[in-house]
Amino acid sequence: MGILLLLPFLVSGYWICINHPRIALSFHRYEGQLLYLLVAREGIFCFLIASALSALLLPLRLVTFALPEALGGHVLSLDYLAPVEDWLVAHELTSPAKADIGAFFVQATALCLVVPKAWTAFAVWRLKRAYNLHTRAELDTLLLSRFAASNPRLELLMTSILHPKRKYLFTMADRKVYVGSVIGIGQASEAQGVDQHFLLVPFLSGYRDEATLQVEMTTDYSDAGEGVIMLAQENIASAMLWKHEVWERFKTLQQARKPRDRLKRRLPARH
4 MGILLLLPFL VSGYWICINH PRIALSFHRY EGQLLYLLVA REGIFCFLIA SALSALLLPL
64 RLVTFALPEA LGGHVLSLDY LAPVEDWLVA HELTSPAKAD IGAFFVQATA LCLVVPKAWT
124 AFAVWRLKRA YNLHTRAELD TLLLSRFAAS NPRLELLMTS ILHPKRKYLF TMADRKVYVG
184 SVIGIGQASE AQGVDQHFLL VPFLSGYRDE ATLQVEMTTD YSDAGEGVIM LAQENIASAM
244 LWKHEVWERF KTLQQARKPR DRLKRRLPAR H
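Okay, here's the thing in structure tokens:
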């Protein structure tokens, strides 16, 4: 009997942890005993709510009504827990004296599996109303932007998503350089957070010179259509807002320097 009660208890707690809009963002941070305590805490809340609902339904057992004589005059009862009590006693899961208590907990356990979905739906509705939002996607983006406030790298990626017309220059750990707009980041799960990968619509790409660290662009994606590349967030060495006019000015100065550099290389060295 205890095992039958414990399983829905843990299932409901786990459901809350992976579907609640706030808890799901930080669920991956919990490990070991902290993970069990979090699931148990949410399961306790679900079971308490389910027990309260079960208590509210108990008065239905006292409701009886009689059918008209034309329909046989039978007396009907809404005591829906009576078959549950008989089943528990027949399978020796409880004694006849405690059958009503056993039926109550069976009903609370069944409701415990329904509460998480209703609780999550209510939390989403309440948060959307509080922030004046219309869709779950808008809510997830808002909560993620607040969650990212403590992580500068993640915060910059979220800023790029919220302002799709802005382009950012990303320098990776292998000195590769990408310019583009971020359109998405990883989804939080029970095993990992949102700080794993990100999707980039590239505009330019190239590399940094190993000696001078000067940016050299080698690929222009402006005529390549809507291509998307996935990059690892942990490989970002630096990131900054990309300004096209600054880049064009820099290229002009760079082209003007090249003839002078070639001339210097041709001049004989002075002794």
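Just so you know, we're using my numbering here: the sequence shown kicks off at 4 and counts up by one.
All C-beta atoms, glycine included, are put in the ideal place defined by N, C-alpha and C.
So, does the stretch 200-209 touch the stretch 124-136, judging by three or more C-beta pairs under 8 Å? no
Buried or exposed by the 16-neighbour rule on C-beta atoms within 10 Å, applied to Pro3: This structure leaves residue 3 out entirely; the chain is present only between 4 and 274.
Does the stretch 143-152 come close enough to the stretch 171-181 that 3 or more CB-CB pairs lie under 8 Å? no
Going by beta-carbon coordinates alone, are Asp82 and Leu65 separated by less than 9 Å? Counting from one through the sequence shown, the residue named residue 82 turns up at place 79. Counting from one through the sequence shown, the residue named residue 65 turns up at place 62. Yes, the pair counts as a contact, with Cβ atoms nearer than the cut-off.
Coarse secondary structure for Arg139, derived from DSSP in three states: Translated into positions along the sequence shown, residue 139 becomes position 136. DSSP places Arg139 in helix when its eight states are reduced to three.
Are the stretch 16-36 and the stretch 95-106 in contact at 8 Å, needing three or more beta carbon pairs? no
Report the three-state DSSP secondary structure of Val127 (helix, strand or coil). What you label residue 127 is simply residue 124 of the sequence shown in a count that begins at 1. Reduced to three states, the DSSP call for Val127 is helix.
Going by C-alpha distance, which of Val182, Met220, Asp143 and Cys20 is nearest Glu45? Your numbering for residue 45 matches position 42 in the sequence shown. Comparing Cα-Cα distances from Glu45 to each of Val182, Met220, Asp143 and Cys20, the minimum goes to Cys20.
Alpha carbon to alpha carbon, what distance is there between Pro119 and Ala43? Within the sequence shown, the letter at position 40 stands for residue 43. Within the sequence shown, the letter at position 116 stands for residue 119. Distance between the alpha carbons of Ala43 and Pro119 is about 13 Å.
Identity of the residue in Leu147, Ala53 and Leu114 nearest Arg25 by Cα: Here residue 25 refers to the residue found at position 22 when the sequence shown is read from its first residue. Looking at the Cα atoms, Leu147 is the closest of the given residues.
Could you say which of Leu114, Asp143 and Leu116 lies nearest to Trp128 if we only look at CA atoms? On the sequence shown, position 125 is the one that residue 128 refers to. Checking every option, the nearest Cα to that of Trp128 belongs to Asp143.
Measure the alpha-carbon distance for Phe253 versus Lys246 and round it to whole angstroms. In the sequence shown, counting from the first residue as 1, residue 253 sits at position 250. In the sequence shown, counting from the first residue as 1, residue 246 sits at position 243. Taking the straight line joining both Cα atoms gives about 11 Å.
State the Cα-Cα distance for the pair Ile104 and Val14, rounded to the nearest angstrom. Position 101 of the sequence shown, counting from 1, holds the residue named residue 104. Position 11 of the sequence shown, counting from 1, holds the residue named residue 14. Straight-line Cα distance between these residues: approximately 22 Å.
Pull up the distance between the alpha-carbon of Pro205 and that of Thr222, whole angstroms please. Counting from one through the sequence shown, the residue named residue 205 turns up at place 202. Counting from one through the sequence shown, the residue named residue 222 turns up at place 219. Spanning the two alpha carbons is a distance of roughly 10 Å.
First and last residue of the alpha helix (DSSP H) that includes Phe50? Taking the sequence shown and counting its residues from 1, the one referred to as residue 50 is at position 47. Element bounds for Phe50: Gly35 to Leu60.
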